[in-house]
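Presented below is the structure to which this report refers.
Numbering (my numbering), first residue to last: 90 to 282.
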């Protein structure tokens, strides 16, 4: 799959996070990718909320409409509008929106890159395997290496989601939680990983 457009998923809480997102955006654009950078290409809640209220909606209705529009824009961009997602994990707390975008990308079987600029090994030790496993436990540590990783992912035949499900079926298809055979599971794990 040729990757043309990349979604940049990251928290937007601080100026530092937004600057890091712009740095990722710049590196990707220099490498020839189009990008969707939510802080630039999306909506701010406040501005959209005011506009919806100006259309005559009460506070609660305006809130629900605004949240729905933002959610649908982000889901569309991650799952269909963009060909891949780069998840910026450089902040202390990636936030629930960022983690959701990662899961959407993974389940949509689109390429996903985890980026942790300040300490990639820290991510493996301190984030859930449900997050880091979405990329086969691979994390990019330098922003300039993100385009190289995207190029590698273009040549992958099987998505990480499909690979995960194939392995999970082999190990856990007949799993009985009342009769856990840890020895068998460990043996299968050694063979498959």
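Note that the Cβ used here is the ideal one computed from N, Cα and C, for glycine as well.
What are the boundary residues of the beta strand (DSSP E) that includes residue i?
{"i": "residue 97", "result": "94 to 98"}
{"i": "residue 201", "result": "201 to 204"}
{"i": "residue 251", "result": "Where residue 251 is concerned, there is no enclosing beta strand (DSSP E), although the alpha helix (DSSP H) it sits in stretches over 249 to 261."}
Can you tell me the Cα-Cα spacing of residue i and residue j, whole angstroms?
{"i": "residue 269", "j": "residue 102", "result": "43 angstroms"}
{"i": "residue 159", "j": "residue 264", "result": "40 angstroms"}
{"i": "residue 280", "j": "residue 256", "result": "11 angstroms"}
{"i": "residue 206", "j": "residue 139", "result": "36 angstroms"}
{"i": "residue 227", "j": "residue 133", "result": "32 angstroms"}
{"i": "residue 217", "j": "residue 125", "result": "26 angstroms"}
{"i": "residue 190", "j": "residue 178", "result": "12 angstroms"}
Flag this pair as yes or no: are the beta carbons of residue i and residue j separated by less than 8 angstroms?
{"i": "residue 175", "j": "residue 113", "result": "yes"}
{"i": "residue 201", "j": "residue 223", "result": "yes"}
{"i": "residue 163", "j": "residue 90", "result": "no"}
Could you name the residues of the same chain whose beta carbon sits closer than 8 angstroms to that of residue i, not counting the 5 residues immediately before and after it, in chain order?
{"i": "residue 260", "result": "274, 277, 278, 281"}
Starting from the C-beta of residue i, find all residues in its chain whose C-beta is less than 6 angstroms away, skip the five residues before and the five after it, and write them out in chain order.
{"i": "residue 120", "result": "236"}
Start and end of the alpha helix (DSSP H) containing residue i?
{"i": "residue 138", "result": "134 to 143"}
Discussion item. Would the stretch 189 to 206 count as touching the stretch 91 to 98 if we require 3 or more Cβ pairs under 8 angstroms?
Written reply: Because the criterion of three Cβ pairs below 8 angstroms is met, the stretch 189 to 206 and the stretch 91 to 98 touch.
Q. Do the stretch 124 to 132 and the stretch 105 to 112 make contact, defined as three or more Cβ pairs closer than 8 angstroms?
A. Remark: three or more beta-carbon pairs, one from each stretch, lie closer than 8 angstroms, so the stretch 124 to 132 and the stretch 105 to 112 are flagged as touching.
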